[in-house]
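Structure record follows, encoded as structure tokens.
Numbering (my numbering), first residue to last: 122 to 372.
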């Protein structure tokens, strides 16, 4: 089963520079396996950790940001991989065996979602996060970027007068090229300093109701290839739910 789900691994070496990893993540990767010279998995590096390093520090290597991770093998079942994802929240490296940690593939969390069955009776209000950090469309991208780095979030709903109008993610900011300046702060100037969130946020927002089922939320995530859903009531934001929340609920 695992072989049918996994994709060829894109890895980074344990002495790779963070700037190189950041470029890969700009191309669409949210997390990457870190390997040694024999292609043995040492752990994972994730986007929220990488953005904590400013672009001026070009000599910083990834080794200081490696997180421990669970490993799958070619005979792992989807529910076993779900347990790993529920704990870590990022993609799962697949290795040759429990003894040999040479990487042979990776299970993307989006692909894993497609292999799992979600309950039609459990509703979103029982698994969603009610306290949600948000930003406004006029907030500076630099300030949102720093907040993401500080709190470890990878996306913020954008709210105007209590109404949800968009969503902005780390990947949106990376792809827009707003992290290439010498300093990534909010002291004014050009580029990231003067750009407003409304320039990079996504609209319209795919949302879910609090009485929607896990099954409905999972299908929306699959259909639109998104990792989180704001929960709304009369267009007002009342919570948020992500892939990890849904997977935790079924294991």
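Note that beta-carbon positions come from the ideal geometry of N, C-alpha and C, so glycine has one too.
Item: Where DSSP assigns a beta bridge to residue 354, which residues make up the other side?; Value: 357
Item: Suppose the cutoff is 6 Å on Cβ atoms and the five residues either side in sequence are ignored; what does the same chain contact list for residue 337 look like?; Value: none
Item: I'd like the span of the beta strand (DSSP E) that includes residue 165, first residue to last.; Value: 162-167
Item: DSSP three-state call for residue 204: helix, strand or coil?; Value: helix
Item: Taking C-alpha atoms, which residue in 154, 193, 358 and 234 lies nearest to residue 341?; Value: 234
Item: Please classify residue 171 as buried or exposed, where buried requires at least 16 neighbouring CB atoms within 10 angstroms.; Value: buried
Item: Tell me the residue span of the beta strand (DSSP E) that contains residue 153.; Value: 152-156
Item: Can you grab the Cα-Cα spacing for the pair residue 92 / residue 274, in whole Å?; Value: What the structure shows of the chain is the stretch from 122 to 372, and residue 92 is not part of that stretch, so it cannot be assessed.
Item: Drop a sphere of 10 angstroms on the beta-carbon of residue 325, count the other beta-carbons inside from all chains shown, and report buried for 16 or more, exposed for fewer.; Value: exposed
Item: CA-CA distance, residue 355 and residue 284?; Value: 9 Å
Item: Between the Cα of residue 162 and the Cα atoms of 198, 195, 128 and 226, which residue gives the shortest distance?; Value: 226
Item: Roughly how many angstroms separate the alpha carbons of residue 357 and residue 223, rounded to a whole number?; Value: 48 Å
Item: Our contact map puts residue 151 next to residue 167 with C-beta atoms below 8 Å; I'd like the distance itself, whole angstroms only.; Value: 7 Å
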